[in-house]
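Engineer: Counting with our numbering, you get residues 569 to 692 for the letters of the sequence shown.
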Amino acid sequence: MDVLHTAIWVSDIEETLEFYVDTLGLEKTNEFVSGDGATNVYVAGDDDVELQFKCDPDREVPEPAGIDHIALTVEDTDAMVDRLVEETDCSLERGPLDSEGASARVAFLEGPDGYGLELVEPFE
Numbered sequence: 569m570d571v572l573h574t575a576i577w578v579s580d581i582e583e584t585l586e587f588y589v590d591t592l593g594l595e596k597t598n599e600f601v602s603g604d605g606a607t608n609v610y611v612a613g614d615d616d617v618e619l620q621f622k623c624d625p626d627r628e629v630p631e632p633a634g635i636d637h638i639a640l641t642v643e644d645t646d647a648m649v650d651r652l653v654e655e656t657d658c659s660l661e662r663g664p665l666d667s668e669g670a671s672a673r674v675a676f677l678e679g680p681d682g683y684g685l686e687l688v689e690p691f692e
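1) My assumption, with CB atoms under 8 Å, is that L677 sits in contact with S659. Please give the rounded CB distance.
2) Measure the alpha-carbon distance for F691 versus P664 and round it to whole angstroms.
3) Can the beta-carbon of V649 be found closer than 7 Å to that of A675?
4) From what residue to what residue does the alpha helix (DSSP H) around A647 run?
5) Can you give me the C-alpha to C-alpha distance between D666 and D616, rounded to a whole angstrom?
6) Between which two residues does the beta strand (DSSP E) harbouring T641 extend?
7) Helix, strand or coil: which one does DSSP assign to G682?
8) What are the start and end residues of the beta strand (DSSP E) that includes I635?
9) Classify D604 as helix, strand or coil using the three-state DSSP reduction.
10) Taking T597 as the reference, give the member of D604, V609, G605, V571 with the closest Cα.
11) Since L687 sits in a beta bridge, which residues does DSSP pair it with?
12) Using three-state DSSP, classify E583 as helix, strand or coil.
13) State the DSSP-derived secondary structure class of D666, mapped to helix, strand or coil.
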């Protein structure tokens, strides 16, 4: 059994793709409009796990209840934080800092629609 993807409602698909694809560097892997009229866009990194973003302008986006954060591996936490803060409206919540428990350098930001984003640079 494998985890395939996590689906997340977003309010603006273009802003979301700008953040996750253009700025973070994830790759758009699929896009379609479902029978209910929602736009569905999938993005992924170097593995097979995807994030699915769902957008329907006629639907109110639910609060990110139950979702604490989305964790992504990066090569340089500090550089990515600088880039995200400079190029987007996201805010740095905590870090960058070394986490012995996670064996990584981490930072927590708030991304589009208020979802938490953890950047993880594993220690070598």
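Glycine included, C-beta positions come from ideal geometry on N, C-alpha and C.
Structural biologist: In short, the structure shows the following:
1) Yes, they are in contact, since the Cβ atoms of L677 and S659 sit about 7 Å apart, within 8 Å.
2) F691 and P664 have their alpha carbons spaced roughly 13 Å apart.
3) Taking 7 Å as the Cβ cut-off, V649 and A675 qualify as a contacting pair.
4) Judged by DSSP secondary structure, A647 falls within the alpha helix (DSSP H) whose first and last residues are 645-655.
5) Looking at the two C-alpha atoms, the distance is approximately 27 Å.
6) Looking at the DSSP string, the run of the beta strand (DSSP E) that includes T641 is 638-641.
7) In the structure shown, G682 sits in a helix (DSSP, three-state: H, G or I).
8) Counting along the chain, no beta strand (DSSP E) covers I635, and no H or E run does either.
9) Note: D604 maps to coil in three-state DSSP.
10) Check the Cα spacing between T597 and each of D604, V609, G605, V571: the tightest is with V609.
11) By DSSP's assignment, L687 forms a beta bridge with L640, A675.
12) Three-state DSSP puts E583 in a helix.
13) DSSP, reduced to helix, strand and coil, places D666 within a strand of the structure shown.
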